[in-house]
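Below you'll find the structure, written out as structure tokens, and then a few comments.
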Amino acid sequence: MKKKHKIILIVIVVIIVVAVGNWAFYSIVYNLSTSISLRDNSIDEEKTIIILKSGNRWCWDTGSTGSVLFRDIEHKRLRVGYSWNIDSENTKKRHKTFFTKMLSIDSILFENFIYEYIDSSNTSMSLRDSDIIGLLGMNVIKNYNWLLDFHKNTLQNYDKDFQIDTLTPKFIISYSEERKPLTDIRLGYLRIKKILLDSGFSGDMMLYGSDIEVMNQFITPDTIINDISSNLYSDSIPVKRYIYYDVYVNNLLFDKLIINEGKRRLIGAGFFRKFDRVFWDSGSKEVRFYRD
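In our numbering, the protein residues as written are 376 to 667.
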């Protein structure tokens, strides 16, 4: 074999070995199970979305497949790639993704934590004003069962085999994907498919305009409000809110439901807060809602 051909072969072998090594390394990193310890599990009772009051505030966000940091905190970390983040207006942006073996911020301790870094200067003004340091996404949430108590204003995580045996749920929703909690519901006579359980959205629900047109054939909204909203990247987003009274969701009657017209189908934290407690069962991919 000629010397030139040998060199080419060696280069090809080295490239393959490096590629396989990188693939194996990143596969191991991405399959590590993130653990979280909450030394202060109180949540902000004045906000609709679920915000942990841990000095630096975190939003518990089931609508985000991954976790996010908005501040460049000094700690040991390894960049493992890039991720795309999409907001409720379907604005799509790419951000760096990092892995850290351990990260402690105030009363929260992470181990094997993968997160996107989004500079807060690239987010909406309303998000910057909220002093939220980051989002706890489904890459963390899926590893635990969670109990939200809106009387005590607490959020507690448990092992995935933990259950609440003493309470009978008033409402149950099952979802399909581990990191993307999509479900189907009946809204009056209308069947809504692939609606996302998104605790990072502050409203009761968001539906497509076409969904609302069909719904209004069966249920007349009491009030329609033209308003302004915001999301991860944008402020001053025009939104139309429809207020309904005495609406059935599946088989449960709700005395009031506010539905935003938008570009996604969402069940938000406003819906969660219509109950006294919510148990997020990651083990069985089921969310159970309780009333006292």
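From the three backbone atoms N, C-alpha and C, an ideal C-beta is built for every residue, glycine too.
As the structure is a prediction and not an experimental result, all values here were calculated from the model.
Residue nearest to Asp419 in terms of C-alpha spacing, selected from Tyr583, Trp435, Ser408, Thr409
Taking the sequence shown and counting its residues from 1, the one referred to as residue 419 is at position 44. For Asp419, the closest alpha carbon among the candidates Tyr583, Trp435, Ser408, Thr409 is that of Trp435.
Identified DSSP bridge partners for Lys468
Reading the sequence shown from its first residue, position 93 is the one you call residue 468. Paired residues: Asn460.
Could you give the first and the last residue of the continuous beta strand (DSSP E) run that contains Phe525?
Residue 525 sits at position 150 when you count from the first residue of the sequence shown. Per DSSP, Phe525 belongs to no beta strand (DSSP E) and is neither H nor E.
Count the other CB atoms within 10 Å of the CB of Glu491; is the residue buried (16 or more) or exposed (fewer)?
The count along the sequence shown starts at 1 and reaches residue 491 at position 116. Result: buried.
Using C-beta distances below 8 Å, list every residue in its chain close to Ser501, excluding the 5 sequence neighbours before and after it, in chain order.
Position 126 of the sequence shown, counting from 1, holds the residue named residue 501. Ser605, Asp610.
Unbroken beta strand (DSSP E) runs of length 3 or more, entirely within the region 490-536: which are they?
Taking only runs of at least 3 residues, the beta strand (DSSP E) segments lying wholly in the region 490-536 are 507-511, 520-524, 529-533.
Give the DSSP bridge partners of Val662, in chain order.
Start at 1 with the first residue of the sequence shown, and residue 662 comes out as number 287. Answer is Ile548, Trp655.
CB-CB length for Thr472 against Gly456, believed under 8 Å:
Position 97 of the sequence shown, counted from the first residue, corresponds to residue 472. Position 81 of the sequence shown, counted from the first residue, corresponds to residue 456. Confirmed, about 5 Å.
Using only the alpha-carbon positions, how far apart do Ser496 and Ser417 sit?
What you label residue 496 is simply residue 121 of the sequence shown in a count that begins at 1. What you label residue 417 is simply residue 42 of the sequence shown in a count that begins at 1. Going by the C-alpha atoms only, they are around 27 Å apart.
Relative to the C-alpha of Arg454, which residue among Ile489, Lys422, Ile480, Gly563 is closest?
As a first step, residue 454 must be located in the sequence shown, where it is residue number 79. Closest option to Arg454, Cα to Cα, is Ile489.
Output the residue ranges of the beta strand (DSSP E) runs that lie fully inside the region 422-461 and measure 3 residues or longer, sorted by chain position.
432-435, 442-444, 453-461
Of all the options Ile587, Ile548, Ile426, which has the alpha carbon lying nearest to the alpha carbon of Phe654?
For the purposes of this step, residue 654 is taken as residue 279 along the sequence shown, with counting starting at 1. For Phe654, the nearest C-alpha among the options comes from Ile548.
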